[in-house]
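Visitor: After the structure tokens below, expect a handful of questions from me.
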Amino acid sequence: MRTPSRPPLDGLKKRLDRARAEATPRDGFLRETFVLPRTDARLKAKEWFERWPKQAYWTSIESWFERPGDVIEFTIRRLPVAD
218 MRTPSRPPLD GLKKRLDRAR AEATPRDGFL RETFVLPRTD ARLKAKEWFE
268 RWPKQAYWTS IESWFERPGD VIEFTIRRLP VAD
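Count along the sequence shown from 1, add 217, and you get the number used in our numbering.
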């Protein structure tokens, strides 16, 4: 008696990847992730805080990670409108 082979999972993997890419957290924040050299990362963060002040938009650096070569990967978030 032969064991049946597993079905291909390519279609499922594609659907999961697409759903994850389209999924946005439902907390109301807009997020953007950057991967920049340290000096450019500082300038980008400063630009965001000047354009969308923390007091009005709750702008914050949500996460950051130092990559090799003095490169910073960070995610910054803000509210879409000021309260």
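Beta carbons are placed, not taken as given, at the ideal position from N, Cα and C, and that holds for glycine.
Does the contact criterion of 3 or more C-beta pairs under 8 Å hold for the stretch 284-300 versus the stretch 249-262?
Guide: Output reads yes: the stretch 249-262 touches the stretch 284-300.
Visitor: Short check: CB of Tyr274 to CB of Ala258, under 7 Å?
Guide: Not in contact: Tyr274 and Ala258 (Cβ atoms no closer than 7 Å).
Visitor: Short of 7 Å in beta carbon distance, which residues of its chain neighbour Lys261, apart from the five on each side in sequence? Order them along the chain.
Guide: Once the five neighbours on either side are set aside, the close Cβ partners of Lys261 are Phe251, Leu253.
Visitor: Given a cut-off of 7 Å on the beta-carbon distance, is the pair Phe266 and Thr256 in contact?
Guide: Not closer than 7 Å, so no.
Visitor: For Glu264 and Leu229, what's the separation of their Cα atoms in angstroms?
Guide: C-alpha separation (whole angstroms): 40 Å.
Visitor: If we ignore side chains and look at the alpha-carbon of each, how far apart do Arg294 and Asp234 end up?
Guide: Distance between the alpha carbons of Arg294 and Asp234: 23 Å.
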